[in-house]
Every structure is written in C-alpha cells, then in structure tokens.
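In this text, residue positions in the sequence shown follow our numbering: the first is 13, and each later residue adds one.
Positions of the beta carbon are idealized from the N, C-alpha and C atoms, including for glycine.
Here's the structure, in structure tokens; my notes come after.
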Amino acid sequence: MSEFVEQLALCVERGKVNRESLYPPDLHGQDGTDELAKQALEQGLKPDTILEGCILGMDRIGAKFSENKAFVPELLMAAKAMTAAMTHLKPFFQSGAVKRKGTFVIGTVAGDLHDIGKNLVAMVVEGGGFEVIDLGTNVTTAKFLASIEEHPGCSVGMSALLTTTMVNMEGTIKAIKEKYPETLVLVGGAPVTKQYADKIGADGYSPDPQGAVAILNKKVA
Ligand code: B1M
Numbered sequence: 013m014s015e016f017v018e019q020l021a022l023c024v025e026r027g028k029v030n031r032e033s034l035y036p037p038d039l040h041g042q043d044g045t046d047e048l049a050k051q052a053l054e055q056g057l058k059p060d061t062i063l064e065g066c067i068l069g070m071d072r073i074g075a076k077f078s079e080n081k082a083f084v085p086e087l088l089m090a091a092k093a094m095t096a097a098m099t100h101l102k103p104f105f106q107s108g109a110v111k112r113k114g115t116f117v118i119g120t121v122a123g124d125l126h127d128i129g130k131n132l133v134a135m136v137v138e139g140g141g142f143e144v145i146d147l148g149t150n151v152t153t154a155k156f157l158a159s160i161e162e163h164p165g166c167s168v169g170m171s172a173l174l175t176t177t178m179v180n181m182e183g184t185i186k187a188i189k190e191k192y193p194e195t196l197v198l199v200g201g202a203p204v205t206k207q208y209a210d211k212i213g214a215d216g217y218s219p220d221p222q223g224a225v226a227i228l229n230k231k232v233a
C-alpha cells in the first residue's frame, strides 16, 4: 500500500478535515483530507487511489466503533473528513457524459442517516450519463413515490447501511411496484445482498456504484 493511501486513511480515521481544523488536537497544523486529496490530483494520482484511502480509513474507524474503541462523534468527524476528500473527486465522476440517458432517483431509506455510499453512487451514476435526483437520507416511501411521479420513467435506487433500516426497503418497493410497476428499483449498501434484494422484490442489486451504472445501462440499451 502506498504511503499516500496510508496517510489519507489515517486522516479519515482520525477525522482530520483540513490544515485549519482544530480536531484532532494532536494533528493541528497538519494537512487534512482536503489538502491531501487536492495535492494528489494535482500530482496525477488516480481518483480511485484517493477513494481507496478514504474507504480504508472508514473501515478502520468502523472496526474501532464495533469494538467500542470509537464512538459516534468520531464517526461523524471521519465522515466529514471523507466528504472533504470526495468534494475534489466529484468533477472526475461527473465528467462521464453530456447526454443524459435517463433519470435516476436515489435516497437512503427511512430511518437511515448514512449518506457517503449513497453520494458515491449518485456521483458515479451521474458520471455514467444519467440525470440524478438525490433525495438525501431518511427518505420515506411517500417521498420516493412523489419523486417518481415528478420524473416519469425514472429508475430508483435505495441505499441502506443498517440491518434495522434495510428492512424498510421492502415496503417502499411494494408501494412503488403497486403504483408504478414499470419502475426499475435498484438496492445496495453494506448489509444488503443479492439474495435479500431478490427476496424483497428489487429489480437489481449492486455491491458498488459501478455495478449500479451497469444495471441502469442495461435498462436503456
Ligand atoms: Co454508522 N454504522 N451508525 N454512522 N457507520 C455503520 C454502518 C456500522 C456497520 C458500524 C459498526 O458497527 N461497525 C453500524 C451498523 C451495524 C448494522 O446495522 N449491522 C453502524 C451503526 C450501528 C450506527 C448507529 C446506530 C450508531 C449509534 O447511534 N449508536 C447510527 C445510526 C444512525 C442512523 O442512520 N439512524 C450510526 C451513525 C453514523 C454516523 C451518522 C455517525 C456516520 C454516518 C455519517 C454519514 O454517512 N454522513 C456513521 C458512519 C460513518 C459509519 C461507518 C463507520 C462508515 C459508513 C460509510 O460511510 N462507509 C460504518 C462502518 C463501516 O462501513 N465500516 C457504520 C463508506 C461508504 C463508501 O461505504 O456506505 O457501504 P458504503 O457504500 C458502498 C457500498 O455499500 C455501495 O457503494 C458504496 C461504495 O462502494 N452502496 C451501494 C451503497 N449504497 C448503494 C446503493 C446502490 C448500490 C451500491 O444502489 C442503489
């Protein structure tokens, strides 16, 4: 693993956003994810390498959280640090195509506030040539339905990061299929599996953003 990936992962894990940020105190005055991502791109590093460092840092803080060695405030700071790096990656993911192939409505399911993975999927799908309507987090069934009505012919993506919220996908899919049976519904997120997606009646499942684009491309092919 490169020194850069390690350094970026550490900044995500420790929640170090930028040089000015006072948190964490022991890293005060040092570059954070903001500067590191910007410099890496200027030096010609691939956006994927930056993403690798971010995800590694997130995995590490997630593991500490599981072991009660880190707590919600630390997770929030890590998320903030990852978002700062991702801001620099946005133009790369979005520069895919000019002509829109269709509309993709995406949101994190009801009860769930995790948005980093969902944001990544939104960016990559947008880069794949689709118009993306991002409904944010904690999206209710009613909100998904209203958006489908507003964007006839759209496809829908749902993200869930909690075993307690992924179960909300089933009811939303049922409601969508009752009212708009032709709508393609795609699900994803760490606890979601292909088997679960099939069980709840989703049309597609992908473990990553690229797979989501591939499924959407198949629909418009
Ligand atoms: Co939370 N959290 N969290 N958290 N959090 C997890 C998910 C957890 C696994 C941590 C742990 O215990 N190790 C655990 C869930 C356990 C479980 O259900 N099995 C957990 C918990 C328990 C909680 C709380 C309940 C903690 C509490 O309050 N006691 C709470 C719940 C709040 C709520 O949502 N109601 C909570 C809160 C939070 C924060 C708000 C502090 C923060 C989120 C901030 C934010 O998102 N803005 C947070 C974070 C940061 C995490 C971890 C550390 C990182 C998640 C992340 O962003 N990963 C996470 C542990 C971990 O994952 N290592 C954890 C990086 C991201 C790029 O990956 O989202 O998986 P991911 O997305 C991937 C794929 O899954 C896929 O593409 C992405 C890129 O490859 N993908 C899709 C995602 N959506 C897709 C949709 C698709 C296709 C692919 O199609 C539509």
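Asked, Found
"Where the alpha helix (DSSP H) containing Thr152 begins and where it ends", "Premise fails: Thr152 is in no alpha helix (DSSP H) and is neither H nor E."
"Distance between Asn30 and Leu20 (C-alpha atoms, nearest Å)", "11 Å"
"Sequence-distant residues of its chain with Cβ nearer than 6 Å to Asp215 (five each side left out)", "Leu196 and Val197"
"Proximity test, Ala97 beta-carbon vs the ligand B1M heavy atom, cut-off 6 Å", "no"
"Residue burial classification, Lys4 (beta-carbon count within 10 angstroms, cutoff 16)", "In this structure the chain extends from 13 to 233, so residue 4 is not present and cannot be described."
"Rounded C-alpha distance that separates Ala97 from Asp43", "12 Å"
"Residues passing the C-beta test against the ligand B1M heavy atoms, cut-off 5 Å", "Met70, Asp71, Gly74, Phe77, Ser78, Val84, Leu87, Leu88, Ala91, Asp124, Leu125, His126, Asp127, Ile128, Gly129, Leu132, Val133, Gly169, Ser171, Leu173, Leu174, Thr175, Leu198, Gly200, Gly201, Ala202, Ser218, Asp220 and Ala224"
"Beta-carbon proximity list for Asp124, same chain, < 7 Å, skipping 5 on both sides", "Thr149, Asn150, Ala172, Leu173, Leu174 and Thr177"
"Straight-line Cα distance separating Ala52 from Glu15", "12 Å"
"Presumed contact (8 Å Cβ cut-off) between Val133 and Phe105, rounded CB distance", "Actually they do not touch by this definition, with Cβ atoms about 10 Å apart."
"Segments assigned beta strand (DSSP E), at least 3 residues, entirely inside the stretch 159–209", "167–171 and 197–200"
"C-beta atoms of Val117 and Met70 nearer than 7 Å", "no"
"When Glu18, Gly119 and Phe142 are compared against Val232, the one with the closest alpha-carbon", "Phe142"
"Secondary structure of Gly140, DSSP reduced to three states", "coil"
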